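**Q** Here it is, the structure, as structure tokens.
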Amino acid sequence: MGQLSRETINLILDTAESFKEVSSRDIKKVPTLRGKSVINFFYEPSTRTRTSFEVAAKRLSADTVSLSVSTSSMVKGETLIDTAKNLQAMNPDIIVIRHSSTGAPHLIARHVRAGIVNAGDGINEHPSQALLDLFTIREKKGRIDGLKIAIIGDISHSRVARSDIIGFRKMGAEVTISGPPTMIPSRAETLGVTVTCDPRDAVRDKDVIIVLRIQLERQGKSLFPSLREYASYFGINNDVLAYAPKDAIIMHPGPINRGVELSSEVADGPRSMILDQVANGVAVRMAILYLLIGGLRVGNVD
Amino acid sequence: MATWIRNGRLADTITGVFEEKDLIIEGKRIEKIIPRGQFSEGGESLDIIEADGMLVLPGLIDMHVHLREPGEEYKETIQTGCLAAVAGGFTAVACMPNTIPPNDCRSVTEFILEQAMRAGLARVYPIAAITMGRKGTVMAEFGDLKAAGAVGLSDDGSPVADSGIMRCALEYSRYYDLKVISHCEDLRLSEGGVMHEGEISTRIGLPGIPSAAEEVMVHRDICLSELTGCPVHIAHVSSAGSVELIRRAKDKGLPVTAETTPHYLTLDHSSVIGYDTSAKVNPPLRTREDVEAVRKGLAEGVIDVIVTDHAPHSSLEKELEFDKAASGMIGLQSALPLVLSLVDEGCLSLSRAVQKMTIAPARVLGVEGGHLREGSPADVTIVDTDARYVFSRDMILSKSRNTPFLGREMKGIAHLTMIGGRVVWQRKASHPGS
């Protein structure tokens, strides 16, 4: 998101708008990217993002190949640069990459000619998630400029949070981040956000509340004592939401840990936009692929 | 046969004065130091080395390098490391024990010295491990290591976490007059981190290493020095907090010395933006304020020594994802110009800078050299301070090329390096800057 201008973000969101209609058709396919090839290269487990990119590419009639850690030569000890050069030799138009190391897409981009889409790198960025979040917010609230948005959870280890913060601020929203003190990044205020640890304080006056997954698999250290304590003091439930405006919407990048960061009553409640996010994700990713192949020049989408 | 080095500006590293004096070298030693113009050619066979407009320094000493041999000869060998050293103006280097196997016993120390002898370039002073296998549990045989030729002790990248063992090592090493060099890092606090923890790590999404990971261990080692009365040398100081702790220790009169490197004096954490693995180093490049504090500490004498922490890594370890890449950068050929640029910027005087690369490391390690006087070994570095050039890959004589300084405009270069009366490096006419 750091590389995208406000104008480019608007272009992507507007393009996604026109593609959203495609998914509601009986025949969900347009010939726009016929003859183009997209490689989905996932070094890290992912169901939602990978499927979303694959569906997006297929609906645009592109040929897609998906590689995951277990099927790639990574397990045979090949370096990332060598893998990338080999993929390049097959001349794809776009490589969509998810990697556990921050900066991996940037490294690959220096060695291939294909367009690179960052589908999440380490704890750095997850730009397509931020774009679909922006799309969903614009769809539900009619605007982004001037909105107040809270992001709650493990901010330190969240690439969604980092991309959201950059994207929301670029589009004129005010951002508050919240979570246990061990999950707030160092010098967080330099990101241009307000920091509060109390979730009740965080949701007050907010138009949008984004709850992050507590990524247990990411943490070698215990950043909080127990799931039970997290749920009681930092989880979002109806009691916490009582402090939020009635028309605040709830979003979550998924997958949800029900009963931990989000109670079921909230996840399944009327303010939850979680499934809308997933639906919009396909349209936004169609827009990303379409614009990148069509010559959008932003270096790479990140 | 005698050699006459004439018309240069000779550095007296004891008084800190530069004088217009000539050197007469006979065999391996300095025969005479005489004022310019007072020597009349008497003998037949006299080699003349013209140093007009240049500095004549005692051979530079780098007390912290990694030569990678034995075990990782694809990164560097003692021969290639020593070649890079003499090209950078260093006549002596002290090599850290994190080889494979580690230098924790007599046979490895002897092997290093044999290889150094074979290379016939820079003097090599082995630093042996504090603990067996650098594992932090059982002390190495300091007596035997000293007898084999080790000049200091360090577990370098694997600092001794157990304060009880560190205490014993300080006490036991003093008996053999071996300085303990401490790489200060609380490994639990730095765990997972790959760059300095701060504004930039938060912005570019890399896990951080807080300054406190260094400072808590600096503080611990100072406490142990105070407890035991034994000297300790703090390796590669990178943070403002460490400088402050060492300053207070010195004010108290504790036998604490410290070193830093040209990269901590020059670069800050913004060098990592773009995920450039050549800027990945441990301790990490810190903030501009830290750079300023380290510079001030150097100028004010809190930091005694400038070292390179020359750490060669091949592309196998560096052309990788940032978190998977190895830490470290080479430094032997960039140190001198970088330090001279600090002098140009007014950070410290030329004589102070020279002292920190000559007499100061010699004193910390208790080795010969660092000062030109009649009768001392003829280890001499002649420096052309006006040479301007761009630091490029083809200049690098180390086996590895991992440095963030490629492409940087440099001023100042080693013109000639002499060890024991023998010229081991002379800048070629085709060389940049000549």
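The listed protein sequences derive, respectively, from chains V and U. Residue numbering for the first sequence follows my numbering, beginning at 0 and increasing consecutively. Residue numbering for the second sequence follows my numbering, beginning at 108 and increasing consecutively. The beta-carbon is built from N, C-alpha and C at its ideal position, and this holds for glycine as well. All figures in this text were calculated on a predicted structure; none of them were measured in a lab.
Contact criterion: CB-CB distance below 9 Å. Does R175(U) meet it with respect to chain V?
**A** Within the second sequence, residue 175(U) is the residue found at index 68, counting from 1. Chain V, which has no Cβ nearer than 9 Å to the Cβ of R175(U), makes this no.
**Q** For a contact defined as C-beta to C-beta under 9 Å, what are the partners of P126(V) on chain U?
**A** Taking the first residue of the first sequence as position 1, residue 126(V) is located at position 127. Those within 9 Å of P126(V) in chain U number zero; the least Cβ separation is about 12 Å.
**Q** Output the distance between the C-alpha atoms of A187(V) and G348(U), rounded to the nearest integer angstrom.
**A** Residue 187(V) sits at position 188 when you count from the first residue of the first sequence. Residue 348(U) sits at position 241 when you count from the first residue of the second sequence. So the two alpha carbons sit approximately 21 Å from each other.
**Q** Can you look up H98(V) in the DSSP assignment and give me helix, strand or coil?
**A** Within the first sequence, the letter at position 99 stands for residue 98(V). H98(V): strand per DSSP, three-state reduction.
**Q** On the three-state DSSP scale, how would you describe N299(V)?
**A** Counting from one through the first sequence, the residue named residue 299(V) turns up at place 300. Confidence at N299(V) is low in this model, with a pLDDT of 49, below 50, so the placement of that residue should be treated as unreliable; the coordinate-derived value is given next. If DSSP states are grouped into helix, strand and coil, N299(V) belongs with coil.
**Q** Smallest Cα separation from S456(U): which of A247(U), F512(U) and K403(U)?
**A** For the purposes of this step, residue 456(U) is taken as residue 349 along the second sequence, with counting starting at 1. Per the Cα distances, K403(U).
**Q** Quick one, are the C-beta atoms of V64(V) and I38(V) less than 9 Å apart?
**A** Stepping through the first sequence from its first residue, residue 64(V) is reached at position 65. Stepping through the first sequence from its first residue, residue 38(V) is reached at position 39. Yes, these two residues count as a Cβ contact at 9 Å.
**Q** In the DSSP output, which residue or residues are listed as bridge partners for S271(V)?
**A** The sequence position of residue 271(V) within the first sequence is 272, counting from 1. According to DSSP, S271(V) bridges with I249(V).
**Q** For the region 295-303 of chain U against the region 382-398 of chain U, do three or more pairs of beta-carbon atoms, one drawn from each stretch, fall closer than 8 Å, so that the two count as touching?
**A** Verdict: yes, contact present.
**Q** Drop a sphere of 10 angstroms on the beta-carbon of V124(U), count the other beta-carbons inside from all chains shown, and report buried for 16 or more, exposed for fewer.
**A** Counting from 1 along the second sequence, the entry for residue 124(U) is found at position 17. With fewer than 16 other Cβ atoms within 10 Å, it is exposed.
**Q** List the endpoints of the continuous alpha helix (DSSP H) containing H105(V).
**A** Position 106 of the first sequence, counted from the first residue, corresponds to residue 105(V). Per DSSP, H105(V) belongs to the alpha helix (DSSP H) from A103 to A108.
**Q** Just the Cα atoms here: how many angstroms apart are A241(V) and I248(V)?
**A** On the first sequence, position 242 is the one that residue 241(V) refers to. On the first sequence, position 249 is the one that residue 248(V) refers to. Each residue's Cα considered, the two are about 13 Å apart.
**Q** For R47(V) and chain U, any beta-carbon pair shorter than 9 Å?
**A** Your numbering for residue 47(V) matches position 48 in the first sequence. Output row for R47(V): interface = no.
**Q** Is any beta-carbon of chain V found at less than 9 Å from that of S541(U)?
**A** On the second sequence, position 434 is the one that residue 541(U) refers to. Note on S541(U): pLDDT 48, under 50, position unreliable in the model; the coordinate value appears next. Chain V contact via Cβ: absent.
**Q** From M224(U) to K182(U), what distance separates their C-alpha atoms?
**A** One-based indexing of the second sequence puts residue 224(U) at position 117. One-based indexing of the second sequence puts residue 182(U) at position 75. Taking the straight line from one Cα to the other gives about 20 Å.
**Q** Can you list, in chain order, the residues of its chain with a C-beta nearer than 8 Å to that of C275(U)? Leave out the 5 residues immediately preceding and following it.
**A** Against the second sequence, residue 275(U) aligns to sequence position 168. Excluding residues within five positions, the ones whose Cβ falls inside 8 Å are M246.
**Q** Excluding the 5 residues preceding and the 5 following R217(V) in the sequence, name in chain order all residues of the same chain whose CB lies nearer than 7 Å to its CB.
**A** Here residue 217(V) refers to the residue found at position 218 when the first sequence is read from its first residue. Low local confidence applies: a pLDDT of 49 at R217(V) is under 50, so the model's placement there is unreliable, with the coordinate-based value given in what follows. Closer than 7 Å at the Cβ level, and outside the excluded window around R217(V), lie H156.
**Q** Thinking C-beta only, is A201(U) closer than 9 Å to G558(U)?
**A** This structure gives no information on residue 558(U), because the portion of chain U shown stretches from 108 to 541.
**Q** So S421(U) is in the alpha helix (DSSP H); what residue range does that whole segment cover?
**A** Along the second sequence, one-based indexing puts residue 421(U) at 314. No alpha helix (DSSP H) holds S421(U); DSSP gives it neither H nor E.
**Q** Just checking my contact of V55(U) with M170(U) at CB under 8 Å: how many whole Å lie between their CB atoms?
**A** This structure does not reach residue 55(U), given that chain U is present from 108 up to 541, and the question cannot be answered.
**Q** Identify whether I140(U) lies in helix, strand or coil by the three-state DSSP scheme.
**A** The residue given as residue 140(U) occupies position 33 in the second sequence. Three-state DSSP puts I140(U) in a strand.
**Q** Against chain U, which members of the region 181-197 of chain V pass a CB distance test of less than 7 Å?
**A** So the list reads P184, S185, R186, A187, T189 and L190, given in the order they occur along the chain.
**Q** If you reduce the DSSP assignment to three classes, tell me which class G348(U) lands in.
**A** Within the second sequence, numbered from 1, the residue matching residue 348(U) stands at position 241. It is helical.
**Q** Which residues does DSSP pair with E157(U) in a beta bridge?
**A** Position 50 of the second sequence holds residue 157(U). Partner(s): R113(U).
**Q** Does the beta-carbon distance from K140(V) to D204(V) come in below 9 Å?
**A** Counted from its first residue, the first sequence places residue 140(V) at position 141. Counted from its first residue, the first sequence places residue 204(V) at position 205. Result no, Cβ atoms of K140(V) and D204(V) do not sit closer than 9 Å.
**Q** Just checking, does the region 311-318 of chain U make contact with the region 110-123 of chain V on the three C-beta pairs under 8 Å criterion?
**A** Result yes; three or more Cβ-Cβ pairs closer than 8 Å.
**Q** Rounding to the nearest angstrom, what Cα-Cα distance links H173(U) and S289(U) in this structure?
**A** What you label residue 173(U) is simply residue 66 of the second sequence in a count that begins at 1. What you label residue 289(U) is simply residue 182 of the second sequence in a count that begins at 1. Taking the straight line joining both Cα atoms gives about 15 Å.
**Q** Short check: CB of L445(U) to CB of I489(U), under 9 Å?
**A** Reading the second sequence from its first residue, position 338 is the one you call residue 445(U). Reading the second sequence from its first residue, position 382 is the one you call residue 489(U). Not closer than 9 Å, so no.
**Q** Taking all protein chains shown into account, do 16 or more other C-beta atoms lie within 10 angstroms of the C-beta of M108(U), making it buried, or fewer, making it exposed?
**A** Taking the first residue of the second sequence as position 1, residue 108(U) is located at position 1. With fewer than 16 other Cβ atoms within 10 Å, it is exposed.
**Q** Got a sec: is the Cβ-Cβ distance from S4(V) to anything in chain U below 9 Å?
**A** Locating residue 4(V) in the first sequence gives position 5, counting from the first residue. No, no contact with chain U.
**Q** Would you say M502(U) and I168(U) are within 9 Å of each other, going by their C-beta atoms?
**A** Residue numbering aside, residue 502(U) sits at position 395 when the second sequence is read from its first letter. Residue numbering aside, residue 168(U) sits at position 61 when the second sequence is read from its first letter. No.
**Q** Determine the burial state of Y497(U): buried for a count of at least 16 other Cβ atoms within 10 Å of its Cβ, exposed for fewer.
**A** Stepping through the second sequence from its first residue, residue 497(U) is reached at position 390. The sequence shown places Val at residue 497(U), rather than the Tyr named in the question. Exposed, because fewer than 16 other Cβ atoms sit within 10 Å of the Cβ of V497(U).
**Q** Of the choices V287(U), G144(U) and A460(U), whose alpha-carbon is the least far from that of L331(U)?
**A** Within the second sequence, residue 331(U) is the residue found at index 224, counting from 1. Of V287(U), G144(U) and A460(U), the residue nearest in Cα terms is V287(U).
**Q** For a contact defined as C-beta to C-beta under 7 Å, what are the partners of S100(V) on chain U?
**A** Along the first sequence, read from residue 1 onward, the residue named residue 100(V) stands at position 101. Here the neighbours are E428, F429, D430 and K431.
**Q** Indicate whether at least one CB of chain B lies closer than 9 Å to the CB of L66(V).
**A** Absent from the structure is chain B; the protein chains it does hold are V and U.
**Q** Between V215(U) and A191(U), what straight-line distance do the alpha-carbon atoms span, to the nearest angstrom?
**A** For this step, residue 215(U) is matched to residue 108 along the second sequence. For this step, residue 191(U) is matched to residue 84 along the second sequence. Their Cα atoms are separated by approximately 22 Å.
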